[in-house]
Amino acid sequence: MKHVEKSSRLCAISLFAIAVVGAVFAPPFGPWRRLSSEPVLSPRGSGFESAGTFNPAVVKERGKFVMLYRAQDGKGTSSLGYATSDDGVHFSQRPEPVMVAEAAYEKGGGVVDLRVV
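No gaps in the numbering here: position 55 of the sequence shown is 1231 in this note's numbering, and each next residue is one more.
Put into structure tokens, the structure is as follows:
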């Protein structure tokens, strides 16, 4: 029972310390704010990204922002789109996907997981 009490006490102290640090800490970049009421990326046209654009992953490469995103067509098939930007807000999308379903197990729903590490 002493182990449980000690663990509970340690947990309470840890949570208190986290709360104190969280109340004092301010991110170096300032508070989050939305730059525009419009989405950075939206579905468009009647092709591979007509029904939805989801889950963007963005990296900065040689001064440009590069985005991969999941796109879905009207049939529900997903592929990966590619877009670039100079400012990280206004993106130019390529007209064709950069990755489409190729394997048999992808044919039903397409490709959806584009985690960038």
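Ideal placement from N, C-alpha and C gives every residue a C-beta, glycine not left out.
Pull up the distance between the alpha-carbon of residue i and that of residue j, whole angstroms please.
| i | j | result |
| --- | --- | --- |
| M1243 | G1264 | 9 Å |
| G1239 | S1268 | 15 Å |
| S1226 | R1220 | 5 Å |
| V1287 | S1261 | 24 Å |
| W1208 | A1280 | 43 Å |
| P1203 | L1211 | 18 Å |
| E1214 | K1283 | 33 Å |
| V1184 | S1190 | Looking at the sequence shown, residue 1184 is not Val but Ser. Rounded to whole angstroms, S1184 to S1190 spans 10 Å at the Cα level. |
Closest by CA to residue i, which one among the options?
| i | options | result |
| --- | --- | --- |
| E1223 | A1259, S1255, V1287 and E1278 | Note on residue identity: the sequence assigns Gly, not Glu, to residue 1223. Of the listed residues, the one whose Cα sits closest to G1223 is S1255. |
| G1250 | M1275, G1285 and S1213 | G1285 |
| Y1245 | W1208, S1184 and T1229 | T1229 |
| F1381 | V1216, P1271 and A1247 | What the structure shows of the chain is the stretch from 1177 to 1293, and residue 1381 is not part of that stretch, so it cannot be assessed. |
| P1271 | S1190, E1278 and A1259 | A1259 |
| S1218 | E1278, H1266 and A1277 | H1266 |
Taking 6 Å as the limit between beta carbons, can you name the residues of its chain near residue i, skipping five residues before and five after?
| i | result |
| --- | --- |
| F1205 | none |
| Q1248 | A1227, G1228 and S1254 |
| N1231 | R1246 |
Short of 8 Å in beta carbon distance, which residues of its chain neighbour residue i, apart from the five on each side in sequence? Order them along the chain.
| i | result |
| --- | --- |
| L1186 | none |
Quick one: give me the first and last residue of the beta strand (DSSP E) that residue i is part of.
| i | result |
| --- | --- |
| L1212 | Looking at the sequence provided, one finds Ser at residue 1212 rather than Leu. Here S1212 belongs to no beta strand (DSSP E), and DSSP marks it neither H nor E. |
| Y1281 | From DSSP, Y1281 is part of no beta strand (DSSP E); its letter is neither H nor E. |
| A1259 | S1254 to S1261 |
Indicate whether residue i and residue j have their beta-carbon atoms separated by less than 8 Å.
| i | j | result |
| --- | --- | --- |
| P1273 | G1257 | yes |
To which residues of the same chain is residue i closer than 7 Å at the C-beta, ignoring the five residues directly before and after it?
| i | result |
| --- | --- |
| M1275 | S1255, L1256 and V1287 |
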